[in-house]
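Structure first, commentary second.
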């Protein structure tokens, strides 16, 4: 046996050159989109373009009250004004133009709000997971409190108290949905906190911030990203449900959710006025989620475990 | 006529994003005759597991069969209709996975899972299946076989689960058994009992088997025929004797070389005094530790009791014991990851705060902890450069160019190419990760490195390389090591001193050559004889040894009074060992054994093994196994 | 497990308290008070003062809050600052309505969506799966009130099959009752089912890449059985969690449906309470919602424990 | 209400406004010849006119059927629903009041009054003292008799520190209520006031049982007895068997609300409710196209207003106000937003609905951007913020219209949408630029007294014109019609334009709206009293079903 030890000591070095250790995990594959995912990307891209150029390519100003009548049909025209591609709304405004303008408002607000929600929710959630103890207790209780109240009513409270300016709306939506993000982030955080590499960072004597931002966050990022899509949908719908209570975006600014709401009566008169903005919302949110579905094909289940809908 | 089972030029491939194929298995061919056990051996990545799954016409998502045939009774199963393939899985061909813990469904009773295949395939009715299962439990020497079926997986031990999986595979009486590393995850003593059980039932059932492993010593015990694989290709195959006694292919030789020598005195290297100092580097004084908060001076779950360990400067202390004996806990206490309930830890003679939160950065720097699993120990989102760079920056304030150079040095030190600094851990092999893992500890240039089972997750070749590396490092740096392992031969080949832990107590402790030579503590004896030797028939011989009889028959029992090893000890004294704490004897300077038997008695028993064994009369759990052990020697 | 439930109940009580404080502060931050809103355009400084005195709104906030808290602990919800009716009388019927609605929707939607979710998971990537995932996605993405109004238009105005408003009353016959409830039930079922289907599917698929599923495959177990026996039982925990949250939503979040179908339920009542600054009313409803939420979450955890032998009977 | 087999025009062929002119004409005793006269003047053929008048008279002549149930849906309700008439502010409460209580005097469609609980009432020569003789044998629902004490108790709730009444100012100039005998009461006025009876006809002055404190139930003398009252849900009334006069035609009345406009309309269109309040003008086309339902539109003096507070910028600058008045596209508002269900406003509240007191000779202000620009430049103001809550349907749209016009003259008019709740307390009369809506009042004098008198508590713009105040009081004593009309004219000019030495009220009143409600064809007997929805909430006692 000793000679065995001997000769392996010798031939080892030449051997390693011949027989490398085989990598046991193939390098990570880059994200590959399915055809649905590709459609998603296309639609989202389309809307992002509209966000930028919408106001310039739209035939009318969003606030122009120029129709002959409310709820004119598709491709009707007004004397001396021009064609209403998608007809007019309840206030004789051109729906097509308002959708073009509304993209900016709706997508802008919802994306900003969701991002903000993530900023708040993730920081708090991870902090709770890392710090534990009373900080976790306090954060979690307040969070439960917010979660346990109906979103629309929270929205009502905040918006009525502070007025429905766009920053307020964004902030409100952010706070409300931060609470769901908090739960997810905290759950992932707790999972990551027990990893050896986090412990070794603690053993090294690293500060809490290093551990949060360098060890935990990067590893929670991907699964959290997959929740983003759904959260975005909820924000869009939330804003529109505020318009249901007469709050929401300030007129005359167009916002898809409010457009659906304000023109809802049109359905009764056989007008499609509320359908177009509804389609716009659906197309955007579905597209986002088609992409997300592709990303989250694996981690989706993890989310299901932690997600608050 | 056709063999029972033939693999003919089997090819398996994955695909890149652009669709270009990546061959995983490159035209492998071998046969299995009825009743024959064929071993597939190779390192991880050699494609041996993939091949073993192919025997059931199954390949993991993302893989595909571009060509070749897999014939069962002459019929190619790769081209069968899916439902036909299904009806032969678990019926004609049965599979035993590496980790039983993961492969048993936590939500379903053992009984249902064991009998499921047979019942679904209609080979047996539920009643028959149950009866058959119970027979198998008996055959596999599982505790209370009649009720076992009603338990849930989490309610039985790892070794038992592993055997239960054999029952699951055998219940429908398959023609071919496929065993994928079934013992790798187990302690040596458990490994033996599982091996024994497998061998027994395979013989009884007369079914053929494919045995996948990286451990030649194990193969030698079970296989008739060996197939040596490297990166999806057969390097050499032949009957077990020929391969073991007369390997031809250099790779096979390498595998042979990597086989761990059975532990004995003088196997370790000679310690050079160069770095020595008088003050022990790190010292643990009558320390007690555990989990679940401290109730009246004792932890709720006590893991370690009154431990005294000294690590001399630039020495290597090997801590050995079975899983659950508290060896990792010892290291965690030293590192301050787990504050001790009682006792102190000293570094260079100065008392350390129990909790690392209260230790100074210097103290933290001097003691570095190396984790068992490199996969979880390295942040998957950081490149090697940052993983190694951070401690340099943190402890030694190195920045920019300085830092990069030092990282390069570290990589060279652990024999890794410098380009690795830009790679992510997932792009490295297990061994490479483990090297990085150690390099990170070295980056702090510590005085003590606590290595927790750093080799046990690695293939034999890789782990032997890692050990060599450790030896070099120690020679270069003079760092002292606490080397924790369940593998006595590895420890023996590297350590200056050995601490044998059993059920949270130190049972023997001393210089390697003393500990690995008689007189042994009965438990040390058990450990030594459990290490498989690269020799056909070793298993049978060992099983005749008396210390094995009770030794492997029973599990660890944590006791407050008496000698913890009492219930597994062949020479225990009824009424003494189970009531009084064993006295610590010092057969030679610095060599301690805690046992009620005097050294003379022990040596005497070593000489004439005809002593009546303790443990026959006592009806302990699995008493019937004691009976089996009683076969006249 | 008893300990866990007890612990959760304790936490729940804390949460309730936090909610009561939050609601109190927020409601008081709103512009205008109940007096101004009740008297509206025809308010005068004197009548406002008189009204406030009459309803005890002239007391300092703190004493108002603790007054309320005290009454609550003694089981008295107080009286509406707006109408003067006792809160319990305002709430009782609506609580019943809400519970009935939530209950029925749950009974329909939970089995339905779990079933469909399993179906989708059973044939991933097939047209069944694609239609289900896409369909549910579409449904989540459209505003609730759009779906509701659309249905009213079709079933009530155009076809005239169902009444457009759910005006339930004691003297109704069963038949009429079901007819008037049909549409709100339908809408809510659609809304929550979409959510739960997605979650069930995701949950199952997540379990699908665990070793014991591969083992089942290697034992030659049929896909159906793999999903239903091997995967499903390990997914119950997460699924019930999602279910619980959707039920909580059914109790507190259905204001839009209640408004559109003029169904007298709690959610709308709470909004009305806020809009009239009727603090005791808002508080009471908030307590109910929070309570429901807490209870549901606890139940979910219990269910999760019961479904998991590891937790149910430890070694 | 269609009658087929008839190619001759019927009353339904006319615009809702004309219908209502003719019908109320006939009601108030205009002869057939007179009415035909109007029609022919309006260009109808003799035959046509004849058939129209016939159909109209038929419509009126139909005799009520007994029995059945009426379901009425208002637009707003909530926990603040109340059975205390003194606190009533919403249509649903007014309607309930009409169902369970009575007033002393009842208001006719032409705003004259007729006896109700007071079987006769009269004033002294100079209208400074009113005497009310109470009807005998009137019983409350609890069986007790209605007497003078009840009147005194009821009225007392509208006076003094502790009073929470929403109408106290209306009767503020009654110095004292005196009990003469068990069934006679006197009202001693501070000054001459001819309007007391009609004021007492307004909803807040429903007669209560002496000492009533519990308003969870309604112990009135009204045509219905309270069966069920659930705030924010509904209330149900049963026909009062021992009512003091003929009484309700239907056996049961359900009063509820569907707050969502669209849902309410759907419920109405699909026949789930018989009467609906606040029909969106945009829905008229649909309603008229749907069988079995009809529009019930009553022209009134109710108006939308934009209030520029006169005590602060920008409202304290008359030129700014003028600019704001000139940018109003009044005709467009009536056409597009009100869909014809209203009349253009002239920046003062007294429109044609007030009859003789309306200043017809005053020039109608038109949309004129040049003038607007001129005044804006004079004012030097370039930006302003208008606080808007949808306190009346369409008012937001009116503001949006104004905003667009403002842009054209270089005025950046920001619209700040605020929620309805809390609007009256926190925004109205507090922010520099806000909106208001007023229902029509029984007389011009009451209207002006409420919202424009210098001491009026609800003087929208805090416009303190003493001259105006003097006129307002003087006119009450004036009996000569011509003089009276001239004085009202002056006042209306003061409000809209101001005088050389005192600026105008700062009110911009672009339009007056009709009360547009929905009525199932199966319901008849709805009046046209223009003080509120569905004929001033007077219908519960008189409405009946044609299908019983």
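Chains as they are written, first to last, in our numbering: chain W, 110 to 418; chain B, 446 to 1078; chain Y, 485 to 799; chain Z, 8 to 555.
For glycine and all other residues, C-beta sits at the position ideal for the given N, C-alpha and C.
These numbers were taken from a predicted model, which means no experiment stands behind them.
Could you please give the first and the last residue of the uninterrupted beta strand (DSSP E) stretch that includes residue i?
i: residue 524 (chain Z); result: 522–527
i: residue 130 (chain Z); result: 125–130
i: residue 420 (chain Z); result: 419–424
What do you reckon, are the CB atoms on residue i and residue j nearer than 8 Å?
i: residue 472 (chain Z); j: residue 464 (chain Z); result: no
i: residue 306 (chain Z); j: residue 521 (chain Z); result: yes
i: residue 300 (chain Z); j: residue 528 (chain Z); result: yes
i: residue 886 (chain B); j: residue 813 (chain B); result: yes
i: residue 598 (chain B); j: residue 643 (chain B); result: no
i: residue 220 (chain Z); j: residue 531 (chain Y); result: no
i: residue 500 (chain B); j: residue 623 (chain B); result: yes
i: residue 234 (chain W); j: residue 298 (chain W); result: yes
i: residue 321 (chain W); j: residue 311 (chain W); result: no
i: residue 554 (chain B); j: residue 594 (chain B); result: yes
If you compare alpha carbons, which of the options is closest to residue i?
i: residue 695 (chain Y); options: B:540, B:473, B:950, B:989; result: B:540
i: residue 409 (chain Z); options: Z:497, Z:444, Z:334; result: Z:334
i: residue 921 (chain B); options: B:634, B:859, B:870; result: B:859
i: residue 677 (chain Y); options: Y:590, Y:641, Y:740; result: Y:590
i: residue 544 (chain Z); options: Z:191, Z:282, Z:344, Z:224; result: Z:282
i: residue 216 (chain Z); options: Z:255, Z:505, Z:549, Z:149; result: Z:149
i: residue 573 (chain Y); options: Y:609, Y:679, Y:750, Y:669; result: Y:750
i: residue 125 (chain Z); options: Z:549, Z:526, Z:157, Z:200; result: Z:157
i: residue 236 (chain Z); options: Z:169, Z:488, Z:84, Z:253; result: Z:84
i: residue 928 (chain B); options: B:773, B:800, B:850, B:955; result: B:773
Would you kindly report the start and end of the unbroken alpha helix (DSSP H) that includes residue i?
i: residue 492 (chain Z); result: 488–503
i: residue 122 (chain Z); result: Here residue 122 (chain Z) belongs to no alpha helix (DSSP H); instead the beta strand (DSSP E) covers 120–122.
i: residue 775 (chain B); result: 772–780
i: residue 770 (chain Y); result: 763–791
i: residue 571 (chain Y); result: 571–606
By the criterion of Cβ-Cβ separation under 9 Å, what are the contact partners of residue i in chain Z?
i: residue 743 (chain Y); result: 265, 266, 267, 270
Please list the partners that residue i has in chain Z, where partner means a Cβ-to-Cβ separation under 8 Å.
i: residue 377 (chain W); result: 269, 272, 273, 276, 290, 293
i: residue 201 (chain W); result: 343
Can you pull the chain Y neighbours of residue i, defined as C-beta to C-beta under 8 Å?
i: residue 501 (chain B); result: 702
Using a C-beta to C-beta distance shorter than 8 Å, which residues of chain B count as neighbours of residue i?
i: residue 696 (chain Y); result: 547, 548, 549, 550, 551
What does residue i reach in chain Y if we use C-beta pairs closer than 7 Å?
i: residue 561 (chain B); result: 703, 705
Listing by chain order, which chain W residues have their CB less than 9 Å from the CB of residue i?
i: residue 783 (chain B); result: None at all; the shortest Cβ gap to chain W is about 11 Å.
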